[in-house]
Amino acid sequence: MKEHEREFDMMSKIVGLMYFLGALVSDGCFVESSHASVYVELSASKAYNWSRDFGRGFCYALGKIGISSKRGKDRIVEDEEGNLFPQMRWASTSTPLLLWVRRTLLGLEASAPKTWNPIQADWILDAPEDWRIAFIQGVSDGDGFASIPNYCTGIATIVNQEFFLHLLESLGIHGVFQKKHIRVIRKRSINGAKQLPMFRYAEGRQVSLTEMTVMLDSVNRKLASELEIKTIMKLHDKGHSLGDIVVKLWNKYGISRRPSTIAGIIKRNCPKHVERCK
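Residue numbers (my numbering): 3 to 280.
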């Protein structure tokens, strides 16, 4: 714990509990060890350079509520399409306390897989603000995203969309549910997500979210110059997506344009390729 305290910011017991619950709801799982005890695991993709911090933060939060944990053996997971993903893994000790967490704090029965059953935890919606922030940080570090090409941030979810929408609204952040994702697209709400901050240990996502707010503040509402149009059409002709063009315009020229604006420019300037530009 002393090592975690030196590495990360100080964390109270209640913040530790709430962050742990959020991380558990996103990338964690309960594992039966006996009829009276369970332990929890957290898996994080090796593709992200912040995954180690996420896992260690999870262990730090567990330690704050008196449960020890450690890094386990890495493994490779195969998805439904046969793609392989190397993952890091952390696991806690087994304790009856985690049965209480599952049943009472998250409202999940032993036979209810977390992936396909929504949590029953409306008490969180009425909790103090710092509790709710810590919970949403745990969720977002696991299942959140910050997409500069699409000018949005949010959370991937299959079953907890209504709960997460209400939770975000309680923090002044408006989201919409689209295709298994809660998306935050309004400028004011994106700024609010950045200020929370929405991510605690997923540093790369928070960096992207911060840059996104700068881009939104710099959105160019003037008509595109001939040079900008030429650049956009050149990138389009090379097969770059709208998101790619958004990023390249910003990184190379400091020009911030929404994807919808770029799509309009392309449509107006390639009459010979109407089908392609629709």
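Every residue gets a Cβ at the ideal spot worked out from N, C-alpha and C, and that includes glycine.
- For Trp-92, the uninterrupted beta strand (DSSP E) segment begins and ends at 86-94.
- Contact check for Ser-28 against Gln-89 fails: the beta carbons are separated by 8 Å or more.
- One alpha carbon belongs to Arg-104, the other to Ile-16, and they sit about 17 Å apart.
- Proximity to Gly-59 across Leu-23, Ser-210, Lys-240 peaks at Leu-23, based on C-alpha coordinates.
- If you check the CB distance, Ser-94 and Ser-39 do not come in under 8 Å.
- Beyond the five residues adjoining it in sequence on each side, Pro-151 comes within less than 6 Å, by CB distance, of Gly-245, Val-248, Val-249 in the same chain, given in chain order.
- Of the other Cβ atoms in all chains shown, fewer than 16 fall within 10 Å of the Cβ of His-168; this residue is therefore exposed.
- According to the DSSP secondary-structure assignment, Ile-267 is paired through a beta bridge with no residue.
- At a Cβ-Cβ threshold of 8 Å, Ala-129 and Leu-108 do not count as neighbours.
- If you draw a 10 Å sphere on the C-beta of Leu-127, you find fewer than 16 other C-beta atoms in it, and that means exposed.
- The residue from Gln-180, Ser-258, Lys-196 with its alpha-carbon nearest to that of Lys-224 is Ser-258.
- Proximity of the region 151-160 to the region 183-190 meets the contact definition, three or more beta-carbon pairs being nearer than 8 Å.
- Nearest in C-alpha terms to Asn-51, of all of Ser-227, Gln-208, His-176, is Gln-208.
- Runs of the beta strand (DSSP E) lying entirely within the region 174-206, each at least 3 residues long, are 178-180, 183-186 in chain order.
- In this structure, His-6 lies away from Gly-74, with their beta-carbon atoms at least 8 Å apart.
- Beta-bridge pairing by DSSP links Glu-80 to Leu-86.
- Annotation: Ser-53 to Gln-139 spans about 14 Å, alpha carbon to alpha carbon.
- A check of alpha carbon separations from Ser-142 across Phe-56, Ile-67, His-37 identifies Phe-56 as the nearest.
- Asn-162 and Glu-9 have their C-alpha atoms some 32 Å from each other.
- Under the DSSP assignment, Arg-73 falls in the beta strand (DSSP E) whose first and last residues are 71-73.
- Residue state for Ala-148 is assigned as strand, using DSSP reduced to three classes.
- Looking only at Phe-137, Val-42, Glu-131, the smallest Cα-Cα distance to Met-20 is reached by Phe-137.
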